[in-house]
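Sequences listed follow chains A and B, in order.
Counting in the numbering used here, the first sequence runs without a single skipped number right up to 143 at its last residue.
Counting in the numbering used here, the second sequence runs without a single skipped number right up to 143 at its last residue.
We put the beta carbon where it would ideally sit given N, CA and C, even for glycine.
Nothing here was measured: the structure is a model prediction, and the numbers come from that model.
Please read the structure below before turning to the comments.
There are 2 protein chains.
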Amino acid sequence: MDPRLTLVTLGVADLARASRFYEALGWTRSAYASEGVAFFQLGGLVLSLYPHTALAEDAGVAVEGSGFRGFALAHNTASRAETDAVLAEAVRAGATLVKPARDAFWGGYSGYFADPDGTLWEVAWNPDLIPRADGTVRLPA
Amino acid sequence: MDPRLTLVTLGVADLARASRFYEALGWTRSAYASEGVAFFQLGGLVLSLYPHTALAEDAGVAVEGSGFRGFALAHNTASRAETDAVLAEAVRAGATLVKPARDAFWGGYSGYFADPDGTLWEVAWNPDLIPRADGTVRLPA
């Protein structure tokens, strides 16, 4: 299995609301297959918003679930200032500030917001993981 | 906020077990910051395995949670045959087959496996979303 993660699907309670939030971040909803799903091109991968119930159905798993979902997406930044700015921008777009940015024990600076469905996004400045011009990151060798 | 998703963190119950699973897929655990966390470079983004409790603590959210976690990661493939092969490989590495691959209403062919912590991975052949040589995908214009 090639080391490849090409698409992340978030199950959402209200597709229009979720899509509006990511569009309010300044992201562009793709015109591709836009019936009942919303796709956003993020560099070389795709973020997909799909109704929570339909996602469970597609995988054939029970839809019931509650509480901590056990994952977080991250948006690495180039500086502490960019970290603060991105968190503020997310809040203006309708996110909940879950944790204001602060110094992290691992030497960086990070905070968290939650999207309207509670998906956790960490916004992190990690001096070892600065995004390249094309938006990708590479772990130090 | 630039359209960028640079890292995905999965909260895991047993870091060694989770890391062994992804290594058994043929993925290389990075030597970077390997104390208490496991990083895998997947093209231009990073998959991070981190103890479930520590992830909740880092975000400052309650750790309790159960049932459907409302998200899925996806591994796009170049063919139906590759889809079947990847699902079989994941199962050999210790995954649970959640849904054998079958034709999808959207014109592709996909199935799901779950990693040892229950994270859903869709393995999907989508003729509109064939991975490029560098492992990235691009939505049709």
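Can you give me the C-alpha to C-alpha distance between residue i and residue j, rounded to a whole angstrom?
{"i": "R71(B)", "j": "A143(A)", "result": "33 Å"}
{"i": "P144(A)", "j": "L122(B)", "result": "Nothing can be reported for residue 144(A), as the shown portion of chain A is limited to 3 through 143."}
{"i": "I132(A)", "j": "T55(B)", "result": "26 Å"}
{"i": "V125(B)", "j": "G113(A)", "result": "32 Å"}
{"i": "L27(A)", "j": "L75(B)", "result": "22 Å"}
{"i": "G120(B)", "j": "A106(A)", "result": "28 Å"}
{"i": "Y52(B)", "j": "T79(A)", "result": "20 Å"}
{"i": "P129(A)", "j": "G110(A)", "result": "7 Å"}
Sort the options by Cα distance to residue i and report the nearest one.
{"i": "A83(A)", "options": "Y24(A), A97(A) and P102(A)", "result": "P102(A)"}
{"i": "D4(A)", "options": "L89(B), W108(B), A74(B) and A106(B)", "result": "L89(B)"}
{"i": "T30(B)", "options": "L44(B), L17(B), T138(B) and G38(B)", "result": "L44(B)"}
{"i": "A35(B)", "options": "R19(B), L99(B), S50(B) and A64(B)", "result": "S50(B)"}
{"i": "D60(B)", "options": "V100(A), E59(A), E25(A) and F42(A)", "result": "V100(A)"}
For residue i, go through chain B and note every residue whose CB falls closer than 7 Å to its CB, in chain order.
{"i": "A58(A)", "result": "F70"}
List the residues of chain B that residue i touches, going by C-beta distances under 9 Å, in chain order.
{"i": "L17(A)", "result": "None at all; the shortest Cβ gap to chain B is about 13 Å."}
How would you list, in chain order, the residues of chain A whose beta-carbon sits under 9 Å from the beta-carbon of residue i?
{"i": "D105(B)", "result": "The premise fails here: D105(B) is roughly 13 Å from chain A at the closest Cβ pair, so nothing lies under 9 Å."}
{"i": "S81(B)", "result": "Per Cβ cutoff of 9 Å: no residues; S81(B) is ~13 Å from chain A at best."}
{"i": "S32(B)", "result": "L141, P142 and A143"}
Give me the chain A residues within the contact set of residue i, using Cβ-Cβ distance strictly less than 8 Å, ordered along the chain.
{"i": "A20(B)", "result": "The contacting residues do not exist; A20(B) stays about 11 Å from chain A at best."}
{"i": "A35(B)", "result": "W108 and D130"}
Using a Cβ cut-off of 8 Å, pull out every chain B residue sitting near residue i, in sequence order please.
{"i": "T138(A)", "result": "T8, G45, G46 and L47"}
{"i": "F2(A)", "result": "As shown, chain A starts at 3 and ends at 143. That puts residue 2(A) outside it, with no answer to give."}
{"i": "L122(A)", "result": "A61 and V63"}
Please classify residue i as buried or exposed, where buried requires at least 16 other C-beta atoms within 10 Å of its C-beta.
{"i": "G46(A)", "result": "buried"}
{"i": "G62(A)", "result": "exposed"}
{"i": "R104(A)", "result": "exposed"}
{"i": "G38(A)", "result": "exposed"}
Would you mind telling me which residues of chain A sit closer than 7 Å to residue i, beta carbon to beta carbon, in chain order?
{"i": "L75(B)", "result": "L7 and V10"}
Length at least 4, wholly inside the stretch 48-103 of chain A: the alpha helix (DSSP H) runs in chain order: Those alpha helix (DSSP H) runs which fall completely within the stretch 48-103 of chain A and span 4+ residues are 54-61 and 82-94.
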